[in-house]
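Scroll down for the structure; my scribbles are underneath it.
Protein chains: 2
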Amino acid sequence: MSNLEMRDFLPYLLTMAAEEVSVGFQRVYRERYGMLRTDWRVLFHLGRYGAMTASEVRGRSRLHKTKVSRAVANLERLRMLSREADERDRRRETLSLTPAGMRAYDDLAREAERYDAKLWHGVTPQERDAITAHLRRLADLA
Amino acid sequence: MSNLEMRDFLPYLLTMAAEEVSVGFQRVYRERYGMLRTDWRVLFHLGRYGAMTASEVRGRSRLHKTKVSRAVANLERLRMLSREADERDRRRETLSLTPAGMRAYDDLAREAERYDAKLWHGVTPQERDAITAHLRRLADLA
DNA sequence: GGTATAAGGTTGCAAATGTAACCAACAAGG
DNA sequence: CCTTGTTGGTTACATTTGCAACCTTATACC
Numbered sequence: 001m002s003n004l005e006m007r008d009f010l011p012y013l014l015t016m017a018a019e020e021v022s023v024g025f026q027r028v029y030r031e032r033y034g035m036l037r038t039d040w041r042v043l044f045h046l047g048r049y050g051a052m053t054a055s056e057v058r059g060r061s062r063l064h065k066t067k068v069s070r071a072v073a074n075l076e077r078l079r080m081l082s083r084e085a086d087e088r089d090r091r092r093e094t095l096s097l098t099p100a101g102m103r104a105y106d107d108l109a110r111e112a113e114r115y116d117a118k119l120w121h122g123v124t125p126q127e128r129d130a131i132t133a134h135l136r137r138l139a140d141l142a
Numbered sequence: 001m002s003n004l005e006m007r008d009f010l011p012y013l014l015t016m017a018a019e020e021v022s023v024g025f026q027r028v029y030r031e032r033y034g035m036l037r038t039d040w041r042v043l044f045h046l047g048r049y050g051a052m053t054a055s056e057v058r059g060r061s062r063l064h065k066t067k068v069s070r071a072v073a074n075l076e077r078l079r080m081l082s083r084e085a086d087e088r089d090r091r092r093e094t095l096s097l098t099p100a101g102m103r104a105y106d107d108l109a110r111e112a113e114r115y116d117a118k119l120w121h122g123v124t125p126q127e128r129d130a131i132t133a134h135l136r137r138l139a140d141l142a
């Protein structure tokens with residue numbers, strides 16, 4: 001008979017922490033801009049690294065292509081993103097942020113940094129490195 | 001202009017790690033017993049702490065009562081759980097595992113321990129404590 | 001007792017997700 | 001060219017979820 005406790009089980013702990021922390025930040029992009037989490041992630045990539053196609057977004061963000069497709073549609077509806085057809089390969093469209101999209105990105109990136117700093121408050125740099133490294137390792141298991 | 005990287009943003013990192021790790025374990029309860037994640041969590045609480053009502057499950061597991069209700073229905077359909085009416089308070093039902101439910105619990109709890117151990121492989125006890133403590137702190141923000 | 005309020009649970013509905021199928025455009029080999 | 005396979009991207013459908021409304025039984029207070 002096993003005597004594992006749920007509160008010690010890493011998948012549980014991670015899920016709880018991720019949920020709590022994500023919901024906390026969700027308030028910002030959701031209430032302020034009416035975005036979903038995937039929208040925010042796509043916006044982030046375009047704002048941070050510049051115009052690119054949906055495939056490139058997918059590659060960088062590790063999001064499934066259907067989620068990217070839907071997020072792009074949402075951001076377009078919010079007038080934060082525009083598409084430009086690629087003449088050389090007519091399957092592809094280059095995505096870029098509109099001025100409104102860039103403003104939203106600037107705002108949210110700043111908030112994200114503040115939020116992140118708050119989450120790490122009281123943690124020593126060594127601990128922080130250990131935690132980050134371990135989370136990266138876990139995230140890369142696939 | 002902010003220069004945050006997504007891979008450093010804690011909500012992102014946590015979400016990725018939680019997803020990866022949860023999906024990994026999901027394979028076990030899903031393929032072996034046809035359970036959903038909530039089912040497994042409810043099963044766990046009943047197996048680990050004994051018979052209790054749905055409210056108590058909710059309190060311990062931090063699951064929303066709707067999810068508990070549906071998980072109980074699923075587990076019942078899988079013949080792993082049975083309900084017994086409470087004569088004193090007819091709103092309440094005491095939930096307990098059937099023999100099949102207990103066998104599933106034993107099996108899954110054992111697997112969970114093995115899986116957890118694998119996830120911590122190569123991490124020193126000190127690091128592990130720091131990580132666990134920080135995750136708990138984050139999960140309790142609410 | 002009778003009325004209001006709350007607690008235990010379930011159900012209905014809308015929103016979100018995952019999966020697979022799909023369409024259009026390109027590329028390679030015959 | 002033309003058929004076969006691949007890539008970029010969207011759509012359809014089933015499954016999950018979250019939220020609010022709901023039903024029933026119990027409790028508090030008059």
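Protein chains in written order, with full-length UniProt numbering: chain A, 1 to 142; chain B, 1 to 142. C-beta atoms are modelled at their ideal positions from N, C-alpha and C, and glycine is treated no differently. Note that this is a predicted model, so its numbers are computed, not measured.
Distance from the CA of Ser69 (chain B) to the CA of Ser82 (chain B), rounded to the nearest whole angstrom, comes to 13 angstroms.
Neighbours of Ala112 (chain A) in chain B, taken as residues at a C-beta separation under 7 angstroms, are given in chain order as Leu4 and Phe9. Met6 (chain A) has no beta-bridge partner at all, per DSSP.
The contact set of Leu135 (chain B) on chain A, defined by CB atoms closer than 7 angstroms, consists of Leu13, Leu14 and Ala17 in chain order.
Between Tyr105 (chain B) and Leu43 (chain B) the beta-carbon gap is near 6 angstroms, inside 8 angstroms, which marks them as a contact.
The DSSP-derived three-state label of Leu119 (chain A) is helix.
One finds Pro11 and Thr15 in chain A with Cβ atoms closer than 7 angstroms to the Cβ of Ser22 (chain B), taken in chain order. Nearest to Arg103 (chain B) by alpha-carbon distance, out of B:Glu84, B:Leu46 and B:Lys67, is B:Leu46. If you ignore the 5 residues before and after Phe25 (chain B), its C-beta comes within less than 6 angstroms of the C-beta of Tyr115, all in its own chain and listed in chain order. The bridge partners DSSP lists for Glu93 (chain A) are A:Ala85. Between the alpha carbons of Arg136 (chain A) and Arg60 (chain A) lies a gap of roughly 15 angstroms.
Counting of Cβ neighbours within 10 angstroms places His64 (chain A) among the exposed residues, the total staying below 16.
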